[in-house]
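Since the structure comes first, as structure tokens, the remarks are kept for the end.
In the numbering used here, the protein residues as written are 128 to 444.
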């Protein structure tokens, strides 16, 4: 991080001197296109990852050759009394590209370090969905064989809360880097709140969690617990979709589909509780959590409808 800051400061200081060199030393009169070429080259080296993988010597050779070629093509004198100006122009382009190259390399190293940290943080918290899918299938078969309850949860943070957290926590970091960091922290919090029997995986920018021996009521309590923990720890809102076996679906694919579809209208089941108790009617409407009510479709075995609500935590001021 220190190296990144030093190269950034050095590049800014040099560009200030370079673009004011004719004011600082009147006899110097550089060709106008050299300023544009140096600036464009610096931006390209920083913003194009492909150029960061190329040899610095090769890049300088191409740019210096292009500078000389353009001077000759546009009728600028190269040698004789103009030789000091030519050397100064080549030196300015060289130093600009060199600082930009070093700054881009430091920035790339920082991104790679954050990505490595993300993988390290996620290593023991959640597995890729493809890895944990077999364990989830096995748990669903076990629950079907022994007629045991089971719940599957799809967990996702809301886009609004992520934007708020970016402004409050890491304003200087790029959104993509912050997103990876936040998801790693979420994986840590979710794993800490669940017992060792839970299977936590990551799929399509959301966590898919299977809870063996967990019915609808217990799954709702776990969802509230996760929502509260993530809100207090990270200041983020969650959307949680829940599906249960055998009350709603009996196959893993259908459980996953139902849980993910519930994310479109973020809901956590109330499991037949009194509507006023579920909604918290005695709370103030202007400062309480936003709530939505939704009715589940009857399951295939004719069970009665359950009332659901959305639990959306406010980010602390």
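All C-beta atoms in this analysis are idealised placements derived from N, C-alpha and C, irrespective of residue type, glycine included.
In the same chain as residue 346, and ignoring 5 residues on each side of it, the C-beta atoms closer than 7 Å to its own belong to 278, 280, 338, 369 and 371, in chain order.
If you draw a straight line from the Cα of residue 225 to the Cα of residue 136, it is about 14 Å long.
Listed as beta-bridge partners of residue 143 by DSSP are no residues whatsoever. Within its own chain, the residues whose Cβ lies closer than 8 Å to the Cβ of residue 141, once the five positions on either side in sequence are excluded, are 222, 223 and 226, listed in chain order. By the CB criterion at 7 Å, residue 218 and residue 179 fall outside the cutoff. In this structure residue 213 does not touch residue 200 by the C-beta definition: roughly 14 Å separates them, more than the 8 Å allowed. Assigned with DSSP and collapsed to three states, residue 325 falls in coil, not helix or strand.
It is roughly 33 Å from the alpha-carbon of residue 383 to the alpha-carbon of residue 238. Residue burial annotation: residue 259 is buried, with at least 16 other C-beta atoms found within 10 angstroms of its C-beta. Under the three-state reduction of DSSP, residue 341 is assigned to coil, being neither helix nor strand. For residue 275, there is no enclosing alpha helix (DSSP H), as DSSP marks it with neither H nor E. In the assembly as shown, residue 186 is a buried residue. Its beta-carbon has 16 or more other beta-carbons within 10 Å. DSSP, reduced to helix, strand and coil, places residue 365 within a strand of the structure shown. DSSP, read as helix, strand or coil, puts residue 370 in strand.
Short of 7 Å from the beta carbon of residue 350, and not among the five residues preceding or following it, lie these beta carbons of its own chain, in chain order: 280, 367, 369 and 395. Boundaries of the alpha helix (DSSP H) around residue 387: 379 to 388. Note on residue 193: under 16 other CB atoms within 10 angstroms of its CB, so exposed under the neighbour-count rule. At the C-beta level, residue 276 and residue 342 come within 7 Å of one another.
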